[in-house]
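What follows is a set of notes on a single structure, which appears directly below.
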Amino acid sequence: MRLLALIPHYNHLHTVGKVAQSMLGYGIDCLIVDDGSDETIRTQLRELLQPGIEIIYRACNGGKGAAVKDGIKYAAVHGYTHILQVDADAQHCLEDTQKLITAAEAQPHAVICGRPVYNDDTPKARLYGRKITNFWLAVNTLSMDIQDGMCGFRIYPLVPTIDVIREKNIGNYMDFDAELLVYLHRRGCVFIWIDTPITYASDGISHFRVWKDNVLISRMHARLFFNMLLNLPDILRNRRKRKLHG
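Heads up: the sequence shown is residues 0 to 245, going by numbering that gives the first Met the number 0.
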């Protein structure tokens, strides 16, 4: 397994260095994909460059999903077999990275996902929104296999992931994380879930656009629902395949 830590980044200079250094501590290469941050931040971001850390810059802000897609394509070109996606804002419990890596080494064809454990500091709107999204993920996969669609702390096997990116019109913003999991599920991928705490800092920066991203997520669920109806035989066939190999 050749693993690349992929950090989508947009104006999180005060935390992205901590995340990148943590990934290096687990002996894995790290790629920061800057999604059109302010020029002053880009200039300072270059100071993080060192052996094991690479940075690529998008010309303008296109969304978290767009940044992750670019990182996945980079991984394919540079010979990696797996991608560890982790957010730049340090909300994830970085100490759980080894748990994800160990699970991926044991089942290299599986998608390894963080299952968030929330604290009292979690905004109620985030909790309710997640419950709605997870309900529709159950509908759109005809299963409870995707236990959380929004946590961006996960390991993808490269081959099925790059195939989905190339073949499907996956969203570029906050709809990306959930939609990608649905298409991986429909390809018969097995999912492994690792409990991991999520921390919301009182002074943290959120790039979630309440109106725009909720509309995009709602459209994504509707699109996946009708696509499910059109492709039901294939989805059921892959479901049987997953049960045989799960």
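By construction, the Cβ of each residue, glycine as well, lies at the ideal position given by its N, Cα and C atoms.
- Between the segment 105-122 and the segment 138-154, the count of C-beta pairs closer than 8 angstroms reaches three or more; the two stretches touch.
- Looking at the DSSP output, R114 bridges to D194.
- H220 sits in a helix when the DSSP states are folded into three classes.
- Beta-bridge analysis with DSSP links H11 to no other residue.
- According to the DSSP assignment, P159 belongs to the alpha helix (DSSP H) that extends over 157-166.
- For V32, the enclosing beta strand (DSSP E) has its first and last residue at 28-33.
- An exposed status is given to Y127, since fewer than 16 other beta-carbon atoms sit within 10 Å of its beta-carbon.
- In the same chain as N60, and ignoring 5 residues on each side of it, the C-beta atoms closer than 7 angstroms to its own belong to Y9, D34, G35, in chain order.
- Around C188, the same chain offers H108, A109, V110, P156, P159, R241 as residues with beta carbons nearer than 8 angstroms, after the five sequence neighbours per side are excluded.
- Relative to W192, the option among Q146, M173, F224 whose CA is nearest is Q146.
- For the set I40, R45, D37, the Cα lying nearest the Cα of L30 is the one of R45.
- Scanning its chain for C-beta atoms nearer than 8 angstroms, with the 5 sequence neighbours on each side dropped, one finds around I100 the residues L2, Y25, I27, L83, I154, in chain order.
- Going by DSSP, H81 is part of the beta strand (DSSP E) stretching over 81-84.
- Measuring C-alpha to C-alpha distances from P115 to each of R185, E104, L93 identifies L93 as the nearest.
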